[in-house]
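Asker: With UniProt numbering, you'll find the sequence shown wraps up at 133, consecutive numbering, no jumps.
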Amino acid sequence: MECKVCGRHTDSESANFCEYCGTSYREAPKQEYRLPNENYGIINHENREVEEPISFGNWLGSMLLMFIPFVGFFVYLFMLLKWSFGGNVAQTKKNWARAQLIISLFFTIMIFYSLASVLHSPEFRQVYNTLYQ
């Protein structure tokens with residue numbers, strides 16, 4: 001057999017590859033070229049479920065929960081957790097509740113940091129000592 005790439009001969013008629021350059025003696029099967037899907041880029045809107053918009057009153061009630069005296073903060077926190085991680089909640093309300101939790105956590109940390117820095121300041125200690133001694 002004669003190699004089509006390097007031109008060298010081999011004595012074995014049953015050889016699959018050239019001993020010198022490694023090229024295959026057998027013809028490679030032709031690969032079939034397929035056109036891309038003709039529906040590429042077309043969005044099927046038929047099977048999409050349309051989410052019902054959340055009413056103004058629902059949003060207002062959700063935001064006013066924290067203003068209930070004495071228990072409002074705890075009810076608000078419980079409802080935010082329920083809306084964030086609950087199952088049967090509209091996606092917009094779920095995203096809003098998660099954002100509210102993150103913002104609330106950030107402001108809680110900032111308030112505690114500010115309070116701690118004020119309480120440990122020398123000016124506060126001096127005022128405290130003069131008032132309560």
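Glycine included, C-beta positions come from ideal geometry on N, C-alpha and C.
Helix, strand or coil for S14? Go by DSSP, reduced to three states.
Answerer: Coil.
Asker: Is it buried or exposed for C21, if we count other Cβ within 10 angstroms and need 16 for buried?
Answerer: So C21 ends up on the exposed side.
Asker: Tell me whether S121 sits in a helix, a strand or coil according to DSSP, three-state version.
Answerer: If DSSP states are grouped into helix, strand and coil, S121 belongs with coil.
Asker: Could you check where the alpha helix (DSSP H) with L81 kicks off and where it finishes?
Answerer: First-last of the alpha helix (DSSP H) with L81: G72 to F85.
Asker: Whose C-beta lies closer than 8 angstroms to the C-beta of K16 among residues of the same chain, with five residues either side of it excluded?
Answerer: According to the sequence as given, residue 16 is Asn; it is not Lys. Counting only Cβ-Cβ distances below 8 angstroms, and skipping sequence neighbours, we find S24, Y25 and R26.
Asker: Within this structure, are the beta carbons of E2 and H9 separated by less than 7 angstroms?
Answerer: Cβ atoms of E2 and H9: closer than 7 angstroms.
Asker: Can you tell me the Cα-Cα spacing of F78 and G57, whole angstroms?
Answerer: Rounded to whole angstroms, F78 to G57 spans 20 angstroms at the Cα level.
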